[in-house]
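Enquirer:
Residue numbers (our numbering): 16 to 512.
Right, here's the structure in full:
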């Protein structure tokens with residue numbers, strides 16, 4: 016028995032009647048198969064939050080209490096106990112004893128297996144009055160810091176991160192590879208000069224996601240916050256543009272740079288060169304957030320560019336705080352290309368308000384492009400017409416003998432669009448024309464992957480579009496091309512599901 020679990024309120028008690036009641040197909044699954052199934056509980060993209068109302072329903076606990084055989088399998092698999100997700104402020108003071116014991120149970124049963132932690136400190140501005148509740152939980156986790164593989168701290172303040180309970184992790188994070196810290200300035204004024212250097216010595220750390228505020232505020236720290244030279248992937252969220260650019264400049268060996276909703280403030284410096292970046296992703300709520308990165312970054316090795324416009328909806332009685340993004344200004348991306356001299360092979364534009372003619376002109380600058388993804392523009396996803404993926408664009412995409420080849424290296428294309436009268440001829444013709452039986456004898460590459468998704472508001476419209484297009488692309492399937500034709504239905508907020 017684990018040393019901490021003698022008084023655990025949810026101690027595994029197996030009912031023999033359950034053991035006999037298992038249906039034969041499940042009962043006869045070999046332990047190896049059960050282990051694979053149980054391991055699916057630890058999906059890093061879908062954390063299983065420990066809830067005070069049903070803590071005993073945590074997947075690992077449910078499995079270990081089902082029957083003796085499943086209990087034996089679960090206890091032999093430290094991996095299913097290796098993920099902990101806690102929202103501290105969801106737990107009332109009387110419930111914290113359960114949470115402390117749960118944390119110890121999971122930590123013990125994980126043995127030496129790498130741990131994935133997701134801790135949400137939202138609303139918890141300080142630990143000064145939490146010595147009997149939150150601190151024991153953190154102390155247990157800190158004792159296992161050598162097992163930390165991925166860590167996510169949400170809404171963490173300088174006052175929380177400066178608490179002595181975290182001091183032992185410094186220099187004791189040998190396998191930490193992925194760190195996510197989303198800072199919160201909190202309501203404390205006495206720690207404005209605090210800088211978090213707890214993660215400076217992490218020899219395996221290569222991926223960082225952060226909101227540079229609170230303990231990770233760039234304006235209050237220096238470039239010794241992390242061992243920046245070893246970071247390969249950096250995701251910056253919700254920063255002023257000056258902070259985002261400064262943080263990006265630290266990454267001398269960055270390969271993937273993601274800038275999410277960064278804008279505002281003022282920036283008076285020059286362009287920032289990050290010579291090792293090959294992939295840039297930008298998510299923006301308005302045009303300024305999209306253009307800042309394009310205007311001030313120089314990326315000579317850039318080969319992959321992803322720009323996503325995130326449109327926010329407002330109730331009728333709310334005012335739009337942002338101006339949104341209604342028109343595409345090509346000067347910013349042209350400036351990036353001219354400064355960088357880069358060659359793009361992958362382009363993804365999601366909801367970007369670029370017209371068909373502007374897109375054609377832009378793609379003419381990318382003769383080496385091999386993968387293209389276009390999500391139809393428009394501030395309202397249930398629009399019935401296309402602005403970007405139009406008849407004119409598809410005709411230009413079509414390969415024929417009368418004009419020079421457009422995007423000659425293109426092998427993968429993904430289109431997210433309204434039907435808009437395109438499925439009968441122009442859309443299938445454009446896609447089928449990219450099938451080149453022997454591209455070794457031609458300057459045009461053969462298409463390998465086609466994905467088409469219709470977004471019509473009317474369910475009948477999108478169903479009919481799929482029904483018409485699917486058989487028209489059967490030829491490509493028969494030739495070995497990966498073809499997907501699907502639909503997504505959007506419902507306005509004022510409509511019932």
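Virtual Cβ for every residue (Gly too), placed ideally from N, Cα, C. In this text the structure is predicted, and so the values were computed from the model without any measurement.
Tell me the rounded alpha-carbon separation between residue 15 and residue 404.
Expert: The structure shown does not extend to residue 15, since the chain is modelled only from 16 through 512, so no value can be given for it.
Enquirer: Use the C-beta contact count for residue 104: other C-beta atoms within 10 angstroms, 16 or more gives buried, fewer gives exposed.
Expert: Residue 104 comes out exposed.
Enquirer: Starting from the Cα of residue 69, find the closest Cα among 177, 117, 444 and give me that residue.
Expert: It is 117.
Enquirer: Rounded to whole angstroms, what's the CA-CA distance from residue 131 to residue 326? Just pull it up for me.
Expert: Answer to the nearest angstrom: the Cα atoms are 32 Å apart.
Enquirer: Using only CA atoms, which one of 111, 165, 96, 143 lies nearest to residue 123?
Expert: Taking only the C-alpha atoms, the option nearest residue 123 is 96.
Enquirer: Tell me whether residue 81 counts as near the ligand MN, meaning its Cβ is closer than 7 Å to at least one heavy atom of that ligand.
Expert: In the structure shown, the ligand MN is absent, as is every other ligand, since no ligand is present at all.
Enquirer: Between residue 162 and residue 127, how many whole angstroms is the CB-CB distance? I'm expecting something under 8 Å.
Expert: Indeed they touch by this definition, with Cβ atoms about 6 Å apart.
Enquirer: Can you look up residue 101 in the DSSP assignment and give me helix, strand or coil?
Expert: Here residue 101 sits in strand by DSSP.
Enquirer: Where does residue 80 sit, in a helix, a strand or coil, going by DSSP?
Expert: Three-state DSSP puts residue 80 in coil, outside helix and strand.
Enquirer: Going by Cα to Cα distance, which pick from 310, 110, 341, 312 is closest to residue 324?
Expert: Nearest option by C-alpha distance: 341.
Enquirer: Should residue 145 go down as buried or exposed, given a rule of 16 or more other Cβ atoms within 10 Å for buried?
Expert: Answer is buried; the Cβ neighbour count reaches 16.
Enquirer: Residue 479 to residue 501, Cα distance in whole Å?
Expert: The alpha-carbon atoms of residue 479 and residue 501 are separated by roughly 11 Å.
Enquirer: Using the C-alpha atoms, what's the distance from residue 384 back to residue 240?
Expert: Distance between the alpha carbons of residue 240 and residue 384: 37 Å.
Enquirer: Select from 422, 483, 355 the residue whose C-alpha is nearest the C-alpha of residue 442.
Expert: Of 422, 483, 355, the residue nearest in Cα terms is 483.
Enquirer: Which full runs of the alpha helix (DSSP H) of 4+ residues lie inside the stretch 275–361, going along the chain?
Expert: Qualifying alpha helix (DSSP H) stretches, in chain order: 302–311, 346–355.
Enquirer: Report yes if the CB atom of residue 280 is closer than 8 Å to the CB atom of residue 257, and no otherwise.
Expert: Yes, the Cβ-Cβ distance between residue 280 and residue 257 is below 8 Å.
Enquirer: With a threshold of 6 Å on Cβ separation, who are the neighbours of residue 313 within its own chain once the five nearest residues in sequence on each side are excluded?
Expert: Contacts found: 286, 288, 354, 355.
Enquirer: Sort 476, 211, 452 by Cα distance to residue 435 and report the nearest one.
Expert: Out of 476, 211, 452, 476 has the C-alpha closest to the C-alpha of residue 435.
Enquirer: Tell me which residues share the same chain as residue 481 and place their Cβ nearer than 8 Å to its Cβ, disregarding the 5 neighbours each side in the sequence.
Expert: Result list for residue 481: 469, 500, 501, 502, in chain order.
Enquirer: Under 8 Å by Cβ, that's how I've got residue 426 and residue 461 pegged, so tell me the actual separation to the nearest angstrom.
Expert: 7 Å between Cβ atoms; contact.
Enquirer: Rounded to whole angstroms, what is the Cα-Cα separation between residue 244 and residue 51?
Expert: Answer to the nearest angstrom: the Cα atoms are 37 Å apart.
Enquirer: Would you identify the three-state DSSP class for residue 193, choosing helix, strand or coil?
Expert: Residue state, collapsed to three classes: strand.
Enquirer: Let me confirm a value: residue 254 is counted as buried when at least 16 other C-beta atoms fall within 10 Å, else exposed. Which label applies?
Expert: Residue 254 should be labelled buried.
Enquirer: Check this for me: beta carbons of residue 465 and residue 496, under 8 Å apart or not?
Expert: Contact flag set, yes.
Enquirer: Alpha carbon to alpha carbon, what distance is there between residue 339 and residue 333?
Expert: Bear in mind that a pLDDT of 48 at residue 333, under 50, signals an unreliable position, so the model cannot answer this.
Enquirer: Residue 359 and residue 317 - do their beta-carbons sit closer together than 8 Å?
Expert: Contact: yes.
Enquirer: Rounding to the nearest angstrom, what Cα-Cα distance links residue 203 and residue 91 in this structure?
Expert: Low confidence applies to residue 203: its pLDDT is 48, below 50, so where it sits in the model is not reliable enough to give any reading.
Enquirer: Near residue 463, which residues of its chain fall below 7 Å by C-beta distance, leaving aside the five closest residues on each side in sequence?
Expert: Result list for residue 463: 426, 427, 496, 497, in chain order.
Enquirer: For the alpha helix (DSSP H) containing residue 226, list its first residue and its last residue.
Expert: Residue 226 -> not in any alpha helix (DSSP H); beta strand (DSSP E) instead, spanning 222–226.
Enquirer: Suppose you measure from the CA of residue 205 to the CA of residue 150; what does that come to, to the nearest Å?
Expert: Any reading at residue 205 is ruled out, since the residue's pLDDT is 41, under 50, leaving its predicted position unreliable.
Enquirer: Between which two residues does the alpha helix (DSSP H) harbouring residue 258 extend?
Expert: 256–265 is the extent of the alpha helix (DSSP H) around residue 258.
Enquirer: Does DSSP put residue 130 in a helix, in a strand, or in coil?
Expert: Three-state result, residue 130: strand.
Enquirer: Do you know how far the Cα of residue 181 is from the Cα of residue 139?
Expert: Taking the straight line joining both Cα atoms gives about 16 Å.
Enquirer: Please state whether the Cβ-Cβ distance between residue 190 and residue 219 is less than 8 Å.
Expert: Closer than 8 Å, so yes.
Enquirer: Measure the alpha-carbon distance for residue 373 versus residue 88 and round it to whole angstroms.
Expert: For residue 373 and residue 88, the distance between alpha carbons rounds to 59 Å.
Enquirer: In chain order, what residues of the same chain lie with their CB nearer than 6 Å to the CB of residue 249, ignoring the 5 residues before and after it?
Expert: 223, 266, 269, 272, listed in sequence order.
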